[in-house]
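Residue numbers (this note's numbering): 66 to 655.
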């Protein structure tokens, strides 16, 4: 089996810049063999993997970072399930749909989840990495002989599997659908199912709204509900928790689990607490983004998540990360004591919503996490600080430099055609940590791509970098982890703390991933109230006290996994749940 993989990103390869430098510096080419040749179709290079010696010279000399040459793990014995073309991404193995189970997929973005979904829904036919002939189904079936996938592909080929898919990027829904939410659901003619979902997901407040007016969380609930209302055998949910608050995430998880009692369900989820609460089994996805991906064999949810964090699959003797991920009790090593600023009591009344926030303060180098239900004023508070919303009482801090990343990212028309490199050059005026920020967010490989060609997670990473690279005294980030995978979330949270402390600035960070908030925050600011009617915000206070009050309000307890330190939601009514509630300890028992 071939052990070396060469991939060229043809979108960012620019021969007009380098005049085929890769071909000229390749030692195999210089010895007289044609390892790197030039395609007559697009004037871009092709690499013969059977001749490539893996020296890495072409990789390091490529001015646009378009080339990757990877030595595949020696433990990987099988052929790929699918390859897109010569010097393009390839995927090894597939996840296994199972009747009456929720099968989760956790791992990096860009290592094959979309490819796997397309294959399992018959949008792509497996080619086993062979590009020059059509692979008969019998050979595909032979690859999966004796496994549950053999039976699945038999049914798929006969047309016995209907697939419903909820996509990752719900922000595009208003471009495709219009009208009232209730009218859209009626068109699906599944009234009985809708009534049950209305109760579980608490949809009443959004049914009479026009799709174009929905918030990010409401768009997510719309997408999840619409997917569940379809008549299907296999249901895919791609990141169903993005934009949802903690309670909504667990309600969606409960609805998905209910669906799995009679169907096959697969879920891609990056909030580990939700994945743990939701799935029966998990597959790990690992590899190198945009180059190759490997899908692990299924494992029980707790063992699978812990194995992923450890980065070593013992059964396969496969190490895919140099260091294990261990969650500390808090990222804050010392309490911040150098006063930065006070902010006043704010009030703001809209036509249908009112907000009151308590006065508070923030210290130099401090990150204040903001948590609470959706539609209780978190983003309004952030917009008061930016000056985008004028409060009825209270004066936002003046003469301070602000850097702000909103919840919903909408690119300006003039920016969409820019490459990431040009956009960041325009936005990152503070050069002191520019290279560190770009490296930590793994943006080098994206620098020659256009903004409007990026995935949701890639756009989020670029916007975080642009915001962190501005000169600021106060950093304001609204849901920075949306669409980021587990490792990206951890790197981003570490980077945010590092930049804020380095600048001796201060930050407010809104997020719904409790593990990230627990890791990043020195203190927390809790929002409460009635969704869409009124909100009240506490002053920043001690994190454990604030988190406990929040979870007590919604009746959910979390414990800490003894092996990895990660947050795990207790099943309602379980022994651990009852024990923690009896001690009035809703967030971790130490």
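Glycine included, each C-beta is placed from N, C-alpha and C at the ideal position.
- In this model, residue 522 and residue 96 are separated by some 42 Å (Cα to Cα).
- Residue 546 sits buried, since 16 or more C-beta atoms from the chains shown fall within 10 Å of its C-beta.
- Look at residue 439 here: in three-state DSSP terms it is coil, with no helix or strand label.
- For a cut-off of 8 Å, the C-beta gap from residue 594 to residue 270 is around 13 Å, too long to register as a contact.
- Residue range 132–136 is occupied by the beta strand (DSSP E) that includes residue 135, with no alpha helix (DSSP H) assigned at that position.
- Judged by beta-carbon spacing, residue 231 lies beyond the 7 Å limit of residue 168, meaning their Cβ atoms are not closer than that value.
- The region 175–206 is shown to contain whole alpha helix (DSSP H) runs of 4 or more residues at 178–185, in chain order.
- Residue pairing for residue 652: DSSP places it in a beta bridge opposite 623.
- Approximately 6 Å separates the beta-carbon atoms of residue 329 and residue 298; this is inside 8 Å, confirming the contact.
- The beta carbons of residue 194 and residue 144 sit closer together than 7 Å.
- Annotation for residue 342: the continuous alpha helix (DSSP H) segment containing it runs 337–343.
- DSSP places residue 282 inside the alpha helix (DSSP H), whose first and last residues are 281–294.
- Put simply, the backbone Cα of residue 359 is about 12 Å away from that of residue 171.
- In the three-state scheme derived from DSSP, where H, G and I count as helix and E and B as strand, residue 391 is classed as coil.
- Residue 348 and residue 173 have their alpha carbons spaced roughly 12 Å apart.
- Judged by pairs of C-beta atoms under 8 Å, the region 616–629 does not touch the region 455–467, as fewer than three such pairs exist.
- Assignment of beta strand (DSSP E) within the region 444–520, counting only whole runs of 3 or more residues, yields 467–470 in chain order.
- With a 10 Å radius around the Cβ and a threshold of 16 neighbouring Cβ atoms, residue 313 comes out buried.
- Taking C-beta separations shorter than 8 Å and ignoring five residues to either side along the sequence, the partners of residue 166 in its chain run 325, 329, 330, 345, 346, following chain order.
- Residue range 588–595 is occupied by the beta strand (DSSP E) that includes residue 588.
- When DSSP states are grouped into helix, strand and coil, residue 417 belongs to the coil group.
- By the Cβ-count criterion, residue 244 is exposed, with fewer than 16 other Cβ atoms from all chains shown falling within 10 Å of its own Cβ.
- The beta carbon of residue 450 is closer than 8 Å to those of 408, 461, 462, 467, 539, 541, 573 in its chain, skipping five residues each way along the sequence.
- Residue environment: residue 352 is assigned as buried (16 or more neighbouring CB atoms within 10 Å of its CB, all protein chains considered).
- Assigned with DSSP and collapsed to three states, residue 143 falls in coil, not helix or strand.
- One thing to note: residue 71 has its Cβ no nearer than 7 Å to the Cβ of residue 161.
- Taking the Cβ atoms as the reference, residue 366 lies roughly 6 Å from residue 341, within the contact range of under 8 Å.
- DSSP, reduced to helix, strand and coil, places residue 537 outside both helices and strands of the structure shown, so it counts as coil.
- Here residue 448 has 454 as same chain residues with Cβ atoms under 8 Å from its own Cβ, once five neighbours each way along the sequence are excluded.
- Taking all protein chains shown into account, residue 155 has 16 or more neighbouring C-beta atoms within 10 Å of its C-beta and is therefore buried.
- Put simply, of 125, 528, 591, 148 the residue whose alpha carbon is nearest the alpha carbon of residue 420 is 591.
- Ranking 644, 306, 625 by CA distance to the CA of residue 653 puts 625 first.
- Taking each of 614, 600, 569 in turn and checking the Cα distance to residue 589, the smallest one comes out for 614.
- In terms of CA proximity to residue 291, 248 leads the group 557, 400, 248.
- For residue 129, same chain residues with a beta-carbon under 7 Å away, outside a window of 5 residues either side, are 77, 78, 79, 82, 513 in chain order.
- DSSP lists 407 as the beta-bridge partner residues of residue 426.
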